[in-house]
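Heads up, the thing below is written out as structure tokens.
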Amino acid sequence: MKNLVFTRYFNKAHTPGTVRPGLKAPFRPSRGTGFDSKEEEEPRRVPKKEPMGTPKRSLSSLTPFDSGSSVKRPKMELPDPYKGDTRGRKATQWLDWMLLWVALHRDQFDEEEQMVVWILYHMTDKAADWALPIIGTIIKGEGNPPTTISALTAKFKEAFADPDAKRAAARKIAALTQTTTTAEYVTEFRNLMAELDWNTEAYIAQFTQGLHWKVKELLSTKDHVPDNDLEAIFAALVKIDNIRRENKENRPKKLPAKSPVTATTSTSTTTTRVCLSEDPNYVTPEERDCCRAAGLCVKCGQKGHGIKQCPNGWKATIKEVVKVAEEEGSGKD
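Mapping of the sequence shown onto the UniProt record's numbering: residues 1 to 333, in sequence order.
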């Protein structure tokens, strides 16, 4: 049934003079090759002229190889068919690989709709049960089936993305804040974006909300950063943050101020020692030790009692003895 539908779409016979959009005949994508051999190559068709104002297909920007280029494209195996038994990240990864494959082989497709049908055709088992009705509506031209890569991506994620993973990603991205460089913050933000299907405005609002306050401050001073292009905002803020960090590292460092604590302590200690040495009753520690060793009183220098029981009081200093002697001598005269 599946092969019959595919054959009717791509290889259906048409009356002379009519052109049915389809793959270039014969279309034999071989697993393990990224380009046809010389024996299988056919002269390239002249590209159909697009009506004025028709936007360029976004898928062409996924690969740097021009359809008219003689440069051989890299080899890429055709991914295994998707069975539909796995959901979430593995399912979206399979779709990403298929999108890359058709991008590298886009010269074998006349229209983007054919890429969509080819991706849908490359599904089996449970996934085929979902894909075949869509192929049927595309062939019949009924309803509103996905006929562009972006529409197919949205519908595929709606069917095979993990709803729990989406809710978890929404919680994580809402709590995400910049704690390191802007480049690392952008990487974390992109990883969570892969699980979500928000619009651009929502992504921009959430991204700017989690920015470091200093980066936000610098962003407010830049008028040239677009406010509706997420990729441009990513690139601009990474550049702004890198310059900010570089300037911070190269800024001259201030020399630490000298502390006056040492001078104050030294002055205080010196002052204390001077005051003690000028006290007439001051006894040095050495003199005290000598008196105690000889059994003498520290105050009067006599034996038989200690400093606390001394009845004589402090002994006179040398200056006091000289003064008393002078007074006694003058009295005799």
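All C-beta atoms in this analysis are idealised placements derived from N, C-alpha and C, irrespective of residue type, glycine included.
- Three-state secondary structure (DSSP) of Tyr82: Residue numbering aside, residue 82 sits at position 82 when the sequence shown is read from its first letter. Tyr82 falls in the strand class under three-state DSSP.
- Query: Does the count of Cβ pairs from the region 133-145 and the region 114-125 closer than 8 Å reach three?
  - Reply: Segments in contact, yes.
- Message: In the DSSP assignment, the alpha helix (DSSP H) including Gly136 goes from what residue to what residue?
- Response: Taking the sequence shown and counting its residues from 1, one reaches residue 136 at position 136. Asp125 to Lys140 is the extent of the alpha helix (DSSP H) around Gly136.
- Write down the C-beta distance between Gly313 and Cys300 rounded to the nearest angstrom, noting that I regard them as a contact closer than 8 Å. Residue mapping note: residue 313 aligns to position 313 of the sequence shown, counting from 1. Residue mapping note: residue 300 aligns to position 300 of the sequence shown, counting from 1. Confirmed, Cβ separation roughly 7 Å.
- Query: Do you know how far the Cα of Ala161 is from the Cα of Leu89?
  - Reply: In the sequence shown, residue 89 corresponds to position 89, counting from 1. In the sequence shown, residue 161 corresponds to position 161, counting from 1. What sits at residue 89 in the sequence shown is Arg, not Leu. Rounded to whole angstroms, Arg89 to Ala161 spans 7 Å at the Cα level.
- Query: For Tyr82 versus Trp94, is the C-beta spacing smaller than 8 Å?
  - Reply: Counting from 1 along the sequence shown, the entry for residue 82 is found at position 82. Counting from 1 along the sequence shown, the entry for residue 94 is found at position 94. Yes.
- Just how far apart, CA to CA, sit Lys166 and Ala154? Along the sequence shown, read from residue 1 onward, the residue named residue 166 stands at position 166. Along the sequence shown, read from residue 1 onward, the residue named residue 154 stands at position 154. Taking the straight line joining both Cα atoms gives about 13 Å.
- Task: Report yes or no: do three or more beta-carbon pairs, one from the region 234-249 and one from the region 204-221, lie closer than 8 Å?
- Result: yes
- Message: DSSP three-state label for Leu196, please.
- Response: Along the sequence shown, read from residue 1 onward, the residue named residue 196 stands at position 196. Leu196: coil per DSSP, three-state reduction.
- Message: Suppose the cutoff is 8 Å on Cβ atoms and the five residues either side in sequence are ignored; what does the same chain contact list for Arg288 look like?
- Response: Your numbering for residue 288 matches position 288 in the sequence shown. Same-chain partners within the cutoff: Val298.
- Selection from Ala170, Asp223 and Thr182 that minimises the alpha carbon distance to Tyr203: Start at 1 with the first residue of the sequence shown, and residue 203 comes out as number 203. Tyr203 has its Cα closest to that of Ala170, out of Ala170, Asp223 and Thr182.
- Which same chain residues, not among the five before or five after residue 337, have their C-beta less than 6 Å away from its C-beta? Since the first and last residues shown for the chain are 1 and 333, residue 337 lies out of range.
- Beta-carbon spacing of Thr92, Ala232 below 8 Å: To locate residue 92, count along the sequence shown from 1; it is residue 92. To locate residue 232, count along the sequence shown from 1; it is residue 232. For Thr92 and Ala232, no; Cβs fall outside 8 Å.
- Item | 8 Å CB neighbourhood of Ala175 in its chain, flanking five on each side removed | Within the sequence shown, the letter at position 175 stands for residue 175. So the list is empty, once near-sequence residues are dropped.
- Query: By a C-beta neighbour count over all protein chains shown, 10 Å radius and 16 as the cutoff for buried, is Thr265 buried or exposed?
  - Reply: In the sequence shown, the residue the question calls residue 265 occupies position 265. With a pLDDT of only 49 at Thr265, under the threshold of 50, the placement of this residue in the model should not be trusted; the figure read from the coordinates follows. Under this definition Thr265 is an exposed residue.
- Task: Identify every residue that forms a DSSP beta bridge with Leu296.
- Result: For the purposes of this step, residue 296 is taken as the residue at position 296 of the sequence shown. DSSP lists Lys303 as partners of Leu296.
- Task: List the endpoints of the continuous alpha helix (DSSP H) containing Lys117.
- Result: For the purposes of this step, residue 117 is identified with residue 117 of the sequence shown, where counting begins at 1. Looking at the sequence itself, residue 117 is Val, so the reference to Lys does not match. Note, Val117: alpha helix (DSSP H), Glu112 to Tyr121.
- 6 Å Cβ shell around Thr177 - same chain, five flanking residues per side excluded: Counting from one through the sequence shown, the residue named residue 177 turns up at place 177. Cβ neighbours of Thr177 beyond the five flanking positions: Gly210.
- Query: Are Asp110 and Asp85 close, meaning C-beta to C-beta below 8 Å?
  - Reply: Within the sequence shown, the letter at position 110 stands for residue 110. Within the sequence shown, the letter at position 85 stands for residue 85. Going by C-beta atoms, Asp110 is not nearer than 8 Å to Asp85.
- Message: If contacts are defined as beta-carbon pairs under 8 Å, then Lys172 and Leu192 qualify, I think. What distance do you get, rounded to the angstrom?
- Response: For the purposes of this step, residue 172 is identified with residue 172 of the sequence shown, where counting begins at 1. For the purposes of this step, residue 192 is identified with residue 192 of the sequence shown, where counting begins at 1. Yes, Lys172 and Leu192 are in contact; Cβ-Cβ is about 6 Å, under 8 Å.
- Going by the beta-carbon positions, is the gap between Ala151 and Trp130 smaller than 8 Å? Along the sequence shown, one-based indexing puts residue 151 at 151. Along the sequence shown, one-based indexing puts residue 130 at 130. Their beta carbons are not under 8 Å apart, which means Ala151 does not touch Trp130 by this criterion.
- Item | Alpha carbon of Trp97 to alpha carbon of Thr147, nearest angstrom | Start at 1 with the first residue of the sequence shown, and residue 97 comes out as number 97. Start at 1 with the first residue of the sequence shown, and residue 147 comes out as number 147. In a straight line, the C-alpha of Trp97 is about 19 Å away from that of Thr147.
- For His224, which of His212, Arg190, Ile240 and Lys214 has the nearest alpha-carbon? By 1-based counting over the sequence shown, the position of residue 224 is 224. With distances taken between Cα atoms, His224 lies closest to Ile240.
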